[in-house]
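Chains A and B supply the protein sequences, listed in that same order.
Following UniProt numbering from start to finish, the first sequence increments by one per residue and tops out at 281.
Following UniProt numbering from start to finish, the second sequence increments by one per residue and tops out at 281.
2 protein chains.
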Amino acid sequence: MKKLKRSSRLVEMTQYLLFRPHRLIPLTTFAERYSSAKSSISEDLAIIKEVFETEGLGDLQTLAGAAGGVKFIPRIPKHSSLEIVRGICKQLEQRERVLPGGYLYMTDILGQPFIINEIGKMFATHFAGRDIDVVMTVETKGIPLAYATASFLNLPVVIVRRDNKVTEGSAVSINYVSGSSKRIQTMSLARRALKEESKVLIIDDFMRAGGTVHGMMNLLQEFKATVKGVGVFVESGEVNQEEHLVEDYISLAKLTGVDEKTKHITVSPGNFFEEEDLEDN
Amino acid sequence: MKKLKRSSRLVEMTQYLLFRPHRLIPLTTFAERYSSAKSSISEDLAIIKEVFETEGLGDLQTLAGAAGGVKFIPRIPKHSSLEIVRGICKQLEQRERVLPGGYLYMTDILGQPFIINEIGKMFATHFAGRDIDVVMTVETKGIPLAYATASFLNLPVVIVRRDNKVTEGSAVSINYVSGSSKRIQTMSLARRALKEESKVLIIDDFMRAGGTVHGMMNLLQEFKATVKGVGVFVESGEVNQEEHLVEDYISLAKLTGVDEKTKHITVSPGNFFEEEDLEDN
Chain A
1 MKKLKRSSRL VEMTQYLLFR PHRLIPLTTF AERYSSAKSS ISEDLAIIKE VFETEGLGDL
61 QTLAGAAGGV KFIPRIPKHS SLEIVRGICK QLEQRERVLP GGYLYMTDIL GQPFIINEIG
121 KMFATHFAGR DIDVVMTVET KGIPLAYATA SFLNLPVVIV RRDNKVTEGS AVSINYVSGS
181 SKRIQTMSLA RRALKEESKV LIIDDFMRAG GTVHGMMNLL QEFKATVKGV GVFVESGEVN
241 QEEHLVEDYI SLAKLTGVDE KTKHITVSPG NFFEEEDLED N
Chain B
1 MKKLKRSSRL VEMTQYLLFR PHRLIPLTTF AERYSSAKSS ISEDLAIIKE VFETEGLGDL
61 QTLAGAAGGV KFIPRIPKHS SLEIVRGICK QLEQRERVLP GGYLYMTDIL GQPFIINEIG
121 KMFATHFAGR DIDVVMTVET KGIPLAYATA SFLNLPVVIV RRDNKVTEGS AVSINYVSGS
181 SKRIQTMSLA RRALKEESKV LIIDDFMRAG GTVHGMMNLL QEFKATVKGV GVFVESGEVN
241 QEEHLVEDYI SLAKLTGVDE KTKHITVSPG NFFEEEDLED N
């Protein structure tokens, strides 16, 4: 590549890093790419690092030494997350979302890639420090959330199916009771979809008592896998604590009430915003 | 926001534009954001524009006048797409992918967000000029491709379901014959999921004769919607031209043979790479 001026190099390096989160990029990669001295590259990175931090985009971690380099860790500040989630809660409280049976219509919100990416960034921020091999979800509505999260963590995605497709090869199936329907349902995962002893992050769009997530956990035992975390977009607050099948999870929003008659809905930020104080930046 | 130096401003503007494709951003937005003169902003944009074009990231379109501004149009050059697709074809030809029944296992490839994003960029490049309101797919494996495409086009996604979920409200259902199973299947879409007379881009992971895509087209008639394009990741070349139910589509790869006995698989770049010459940059 031809030698670039600092200004062009900064644009180039910014996009290069943004599209390669959680990957160690040796300084020599940049030095060779731009025919520049490593010292110039280091100065560029210092500028990028400062903007990324100020803007709440994430950290640039620099590792010194022969095996060193730079790694972009996407990170959205808690106060920005809270602002976004408050906006989503407001949308979710619109009266016309009440469906027969007291269900809440949220498919349109999950159909907006911009929102999905922000949610993915929140999960990626929270679970960044854990040693995870793969992000898992069950079809259908959790899929975009799982991909967005995995994209920011630079991890692959595994989708648990509700049927057993012939195009997936041999599979492990389990039965579970879904909290919302109280019916016995089946979920299955192809043998070759997940290596044994994988470390797994479970992501889903909605959780009541946790029957589906619990089902995924049982399925994972068949693969000798370890669950490293559970993240759900919306949890139902209408379930008693004793009914909960899953203990350790984070939720971004909490649905505390849907009144089918008055069409009054109450949604508030989830337990993700409870634990710590919001002073983290 | 405090006044930034040009170097920091370039990093900031680069990330701002990359995360907001196909959105018109008035120059005043940047001028106010950085307390800078519009002339400085224009100079910055010229630098960013040049790097984006040289790097094959896309175009920065500048619209003059009071309602003017700048718009980032993600665009991956055809030769880069071809290189990526050739790599994917090579992976798809691995012998161990042959499943009983002559099916091809490709779930692992569709589980990699980095690949999904590149495929989404290809579809977004091809369909960028068309007047589209929404990207549509049918569950399950097309979903990440649809979201990636929609993300680069700044459009919402609508997912057609294979069942009729109570949590979606009233829905329109149709029956169709899937090419691969030759069975009658059902697909449905919630009434409130799609406005009437929408202009729709259909994205899917695999197409044989096109029964599923054709089903989606029939379903769309019920919504008085117009199909503005069809993009599939892999098409089967084992179908006679006369059997094709869908005429106008683009495919990124073409599966021309799976031999269950010898485990020999042949995959080549799809019709996306046939039409035009590759001299486009």
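Where is the CB? At the ideal position from N, CA and C, for every residue including glycine.
For clarity, every value in this text was computed on a predicted model and none was experimentally measured.
Looking at C-alpha atoms only, which residue of the options is the closest neighbour of residue i?
i: residue 24(B); options: 226(B), 88(B), 70(B) and 60(B); result: 70(B)
i: residue 125(A); options: 209(A), 175(A) and 150(A); result: 150(A)
i: residue 129(A); options: 111(A), 113(A), 35(A) and 228(A); result: 228(A)
i: residue 62(A); options: 44(A), 33(A) and 79(A); result: 44(A)
i: residue 199(A); options: 185(A), 224(A) and 192(A); result: 224(A)
i: residue 21(A); options: 79(A), 153(A) and 246(A); result: 153(A)
i: residue 10(B); options: 222(B), 118(B) and 41(B); result: 41(B)
i: residue 320(A); options: 233(A), 262(A), 237(A) and 274(A); result: The displayed coordinates of chain A run from 1 to 281. Any statement about residue 320(A) would go beyond what the structure contains.
i: residue 113(A); options: 99(B), 112(B) and 134(B); result: 134(B)
i: residue 35(B); options: 4(B), 12(B) and 16(B); result: 4(B)
i: residue 258(A); options: 46(A), 68(A) and 99(A); result: 99(A)
i: residue 271(A); options: 68(A), 123(A) and 12(A); result: 123(A)
Kindly list the residues whose CB is nearer than 7 Å to the CB of residue i, restricted to its own chain and excluding five residues on each side of it in sequence; keep chain order.
i: residue 142(A); result: 203, 204 and 205
i: residue 314(A); result: Shown here, chain A extends from 1 to 281; a query on residue 314(A) therefore has no answer.
i: residue 14(A); result: 48
i: residue 80(B); result: 56
i: residue 12(B); result: 4
i: residue 192(A); result: 169
Run through the DSSP bridge pairs and tell me what residue i is partnered with.
i: residue 185(A); result: 176(A)
i: residue 157(A); result: 135(A)
i: residue 61(B); result: 71(B)
i: residue 25(A); result: 70(A)
i: residue 236(B); result: 255(B)
i: residue 268(B); result: 254(B)
Could you name the residues of the same chain whose beta carbon sits closer than 8 Å to that of residue i, not counting the 5 residues immediately before and after it, in chain order?
i: residue 101(A); result: 260
i: residue 269(A); result: 82, 85, 86, 89, 252, 253 and 254
i: residue 59(B); result: 49, 52, 53, 72, 73 and 75
i: residue 97(B); result: 104, 105, 106 and 265
i: residue 210(B); result: 179, 244, 245, 246 and 249
i: residue 132(A); result: 153, 155, 199, 200, 201, 228 and 229
Which residues in the same chain as residue i place their Cβ atom closer than 6 Å to its Cβ, once the five residues preceding and following it in sequence are excluded?
i: residue 188(A); result: 161, 164, 171 and 173
i: residue 281(A); result: Caution applies to residue 281(A), whose pLDDT of 40 falls short of 50 and renders its modelled position unreliable; the model cannot decide the point.
i: residue 38(B); result: 27 and 31
i: residue 267(B); result: 89, 92, 93, 253 and 255
i: residue 157(A); result: 135, 146, 147 and 150
Can you tell me the Cα-Cα spacing of residue i and residue j, whole angstroms?
i: residue 8(A); j: residue 6(B); result: 11 Å
i: residue 220(B); j: residue 196(B); result: 9 Å
i: residue 51(A); j: residue 64(A); result: 21 Å
i: residue 279(B); j: residue 77(B); result: For residue 279(B), the predicted structure reports a pLDDT of 47, less than 50, and the residue's modelled location is therefore unreliable. The matter cannot be settled from this model.
i: residue 75(A); j: residue 190(B); result: 35 Å
i: residue 168(A); j: residue 66(A); result: 42 Å
i: residue 127(B); j: residue 239(A); result: 45 Å
i: residue 94(A); j: residue 265(A); result: 7 Å
i: residue 121(A); j: residue 147(A); result: 11 Å
i: residue 18(B); j: residue 230(B); result: 25 Å
i: residue 136(B); j: residue 194(B); result: 10 Å
i: residue 256(B); j: residue 235(B); result: 9 Å
i: residue 242(A); j: residue 249(A); result: 15 Å
i: residue 108(B); j: residue 159(A); result: 10 Å
i: residue 110(B); j: residue 117(A); result: 18 Å
i: residue 217(B); j: residue 237(B); result: 21 Å
i: residue 145(B); j: residue 207(B); result: 14 Å
i: residue 139(B); j: residue 46(A); result: 44 Å
i: residue 119(B); j: residue 185(B); result: 28 Å
i: residue 16(A); j: residue 226(B); result: 37 Å
i: residue 222(A); j: residue 68(B); result: 58 Å
How would you call residue i, buried or exposed, if buried means at least 16 neighbouring beta carbons within 10 angstroms?
i: residue 183(A); result: exposed
i: residue 212(B); result: buried
i: residue 28(A); result: exposed
i: residue 91(A); result: exposed
i: residue 262(B); result: exposed
i: residue 274(B); result: exposed
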